[in-house]
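Asks: Residue numbers for the sequence shown follow the numbering used here, so the first one is 1008 and each next one is one higher. Just so you know, even glycine gets a beta-carbon here, dropped at the ideal spot from N, CA and C. Note that the coordinates shown come from a computational prediction; the quantities given were computed from them, not determined experimentally. Just passing along the structure, written as structure tokens.
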Amino acid sequence: MERPLKRWIEFLVLLLILSANHNLLFIPRALADGVTSLEAKLLRDEVREMFYHAFDGYMEHAFPLDELRPLSCEGEDTLGGYALTLIDALDTLALLGDRERFTSSVEWIGKNLRFDINKTVSVFETTIRVLGGLLSAHLIASDYATGMRIPSYDNQLLDLAEDLAWRILPAFDTPTGIPFGSVNLLHGVDEHESKITSTAGGGTLTLEFGLLSRLTNNPIFEQVTKNAVRGLWARRSRLNLVGAHINVFTGEWTQKDAGIGTSIDSFYEYLLKAYMLFGDEEYLFIFQEAYAAVMQYLYNDPWYVEVNMDSAAIVWPLFNSLQAFWPGLQVLAGDIDPAIQTHAAFFSVWRRYGFTPEGFNLATLSVQHGQKSYPLRPELIESTYWLYKATRDPRYLNAGRDMVASLQYGARCPCGYCHITDVESHKKEDHMESFFLAETVKYLWLLFDLASGPDNLVENGPYKYIFTTEGHLLPATPQISIVGEHCSYFGAYCKSSDIERESLKSDISMNPQETNSSTFYGGQVHTGYPLGSTSFESSATSGLMKGICPGLTHGQKYGISYLDSIDTAQEDNSTHQRQNPESVSE
């Protein structure tokens, strides 16, 4: 037996040598150590099964309550009592190509959901989960180009989104323009409502509200959220850092810890993404200033710490799990090298415990006391997806495979996936956040689908998509992304001299040097907003979309076709009387 075996080994070696030069031997292509293209497809399918294990568990045992209790197989209302998990999961169903369940879910929501309820809800959570979920699903269900158009759909989700936004709007009625943290959907803001809100809570509303303005041709939603961002940024420190919590009436910081994690994280995210989606350079300028300050004062290669916003003195050497979104944001900003280093550091914590704890002390290199849980957060998975998309480095597929294994063996429960209360003992808690279906499994599925040869709405669809902080898909269509358009876009021409819009300004008394085109600190002038953008003193509607020109055809709105500008102007002149004339240079 030894001689035939020896000849067989020699034969295989010869084939390997020949195949190196002549491609004679077909060996599965390795995407990562042990991860072949076939295994990537299997992992993609496994993640799909993970989604349906949790989604079916919710629909069978919890719906129409907000969220699932996956250990006891029961439901609970956690936000407003309006089928939160179903709304949050809508665009994931569409992404997976599940036309039947996407259609039935949209139809049920359109017929049964109402917001005229006596519930006090979080402005932040309701905006990113519910408003964002409704708008994303609306844009998918109403557009043939997505492949998921619902024939019977008649803007029911958009109508619900607008109704919800009007009910949230009273929260913005503050002297600073920064909204209260909570609002009652029936009665507005309670007279005893706390005046303290987080920076993320006040500054992570621009995508959803801005999109709603562009879809309804009503600028007020975008105005109030942009004013909130301006209100926060106007109160930054001399180091261009913002704190964690602020009084929405006085504008005084009640917690001056500056970081990229808890209470601040998505403020930075939405600055960049608002520019990417809407093209408004004011957001880009603020992001560039804020990002430079973060990298100068918070970055301790490869980690990030929390510092005092005024002095930059370190106050908290902690890796907070919410920081894990940052490498993904850096990919979008084009700063890849530090993203790679930081992701590697963050993932080392995951490898050590099987999950990322809410807090990891960088001084003791141990789990922070009282912050041992892992509530199925998606941030590290999100950054893994973006880094693989940018680099195609197989290490990120390895990371994704480890994450799938951790979730399957450590968090899977009878009816879904459980919170981990202690990453050291892997003790489970009977709760599953809606974002597990909106984000966690979505980013995992996208990662492995990308490695398998993508076939999905994001990678192969008709538009470029911006992900909200809740993972909802917002398409960068011309209808959405043109800022203060001249109305000559794709041949449309609008006259609107008779249109007057009221400016909605916050009642902030500010130094123009700190909010307009330059900032003066210590004798140094820091350049301000780019040419073509607007200052705070200009109309609050400037830099906003005033609605699409009526002369745009469907093909023009979605960037499919072009018409001669003269013909379009003559043909549609009479219909353009209600278009606002304000514009910014493109």
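1) Alpha carbon to alpha carbon, what distance is there between residue 1443 and residue 1119?
2) What does a CB cutoff of less than 6 Å around residue 1293 pick up in its chain, not counting 5 residues either side in sequence?
3) Alpha carbon to alpha carbon, how far is residue 1079 from residue 1064? Give it in angstroms, no decimals.
4) Express the C-alpha separation of residue 1077 and residue 1424 in angstroms, rounding to a whole number.
5) Is residue 1426 helix, strand or coil by DSSP?
6) Taking only three categories from DSSP, how would you classify residue 1345?
7) Only counting runs of 3 or more residues, tell me where the beta strand (DSSP E) segments fall wholly within the stretch 1070-1100, in order along the chain.
8) Can residue 1143 and residue 1103 be called in contact, C-beta distance under 9 Å?
9) Could you tell me the alpha carbon to alpha carbon distance between residue 1157 and residue 1392, rounded to whole angstroms?
10) Does the beta-carbon distance from residue 1099 to residue 1449 come in below 9 Å?
11) Looking at residue 1148 and residue 1167, is the spacing between their C-beta atoms short of 9 Å?
12) In chain order, which continuous runs of the alpha helix (DSSP H) of length 4 or greater are located wholly inside the stretch 1146-1205?
13) Can you confirm whether residue 1381, when its beta carbon is compared against all beta carbons of chain D, has any partner nearer than 9 Å?
14) Which partner residues of residue 1373 appear in the DSSP bridge assignment?
15) With DSSP collapsed to three states, give me the class of residue 1264.
16) Restricting to Cα atoms, I'd like to know which of 1482, 1477, 1475, 1476 is closest to residue 1466.
17) Determine the closest residue to residue 1337 out of 1295, 1321, 1313, 1357, with distance taken between C-alpha atoms.
18) Which whole-angstrom value describes the C-beta separation of residue 1238 and residue 1185, a residue pair presumed to lie in contact below a C-beta threshold of 8 Å?
19) Rounded to the nearest angstrom, what separates residue 1299 and residue 1228 at their Cα positions?
20) Only counting runs of 3 or more residues, tell me where the beta strand (DSSP E) segments fall wholly within the stretch 1447-1492, in order along the chain.
21) Determine which residues share a DSSP beta bridge with residue 1434 and list them.
22) Measuring only the C-alpha atoms, how far is residue 1062 from residue 1324?
23) Who pairs with residue 1313 in a beta bridge, going by DSSP?
24) Check the C-beta distance from residue 1235 over to residue 1209 and give it rounded, since I have them as a contact under 8 Å.
25) Answer with buried or exposed for residue 1388, where buried requires no fewer than 16 other C-beta atoms within 10 angstroms of its C-beta.
26) Between the Cα of residue 1155 and the Cα atoms of 1106, 1333, 1267, 1361, which residue gives the shortest distance?
27) Hey, quick one: how far does the beta strand (DSSP E) through residue 1127 stretch, first residue to last?
28) Under 8 Å by Cβ, that's how I've got residue 1304 and residue 1266 pegged, so tell me the actual separation to the nearest angstrom.
29) With burial defined as no fewer than 16 other Cβ atoms inside 10 Å of the residue's Cβ, what is the status of residue 1125: buried or exposed?
30) Would a C-beta distance cut-off of 9 Å place residue 1113 and residue 1160 closer than the cut-off?
31) With a cut-off of 8 Å on the beta carbons, I'd call residue 1262 and residue 1308 a contact; round off their distance for me.
32) With DSSP run on the structure shown, which of helix, strand or coil describes residue 1043?
33) Would you mind working out which of 1083, 1066, 1067 sits nearest residue 1073, comparing C-alpha positions?
34) Does residue 1389 come out as helix, strand or coil in the three-state DSSP assignment?
35) Closest by CA to residue 1380, which one among 1436, 1342, 1321?
36) Can you pull the DSSP bridge partners for residue 1253?
Replies: This is what the structure holds:
1) Between residue 1119 and residue 1443, the C-alpha separation is close to 24 Å.
2) 1240, 1278
3) It is roughly 11 Å from the alpha-carbon of residue 1064 to the alpha-carbon of residue 1079.
4) 6 Å
5) If DSSP states are grouped into helix, strand and coil, residue 1426 belongs with the strands.
6) helix
7) 1074-1076, 1081-1083
8) no
9) If you draw a straight line from the Cα of residue 1157 to the Cα of residue 1392, it is about 30 Å long.
10) yes
11) Not a contact, by the Cβ cut-off of 9 Å.
12) 1163-1175
13) Of the protein chains in this structure there is only one, and it is not chain D.
14) Beta-bridge analysis with DSSP links residue 1373 to 1368.
15) Residue state, collapsed to three classes: strand.
16) 1482
17) 1295
18) That pair is a contact at about 5 Å.
19) Rounded to the nearest angstrom, the two C-alpha atoms are 29 Å apart.
20) 1472-1474, 1480-1482
21) 1429
22) 38 Å
23) 1323
24) 5 Å
25) buried
26) 1106
27) 1127-1129 is the extent of the beta strand (DSSP E) around residue 1127.
28) That pair is no contact at about 10 Å.
29) Exposed, by the Cβ-count rule.
30) Cβ atoms of residue 1113 and residue 1160: closer than 9 Å.
31) Under the criterion of beta carbons closer than 8 Å, residue 1262 and residue 1308 do not qualify as touching, at roughly 26 Å.
32) strand
33) 1083
34) helix
35) 1436
36) 1204, 1260
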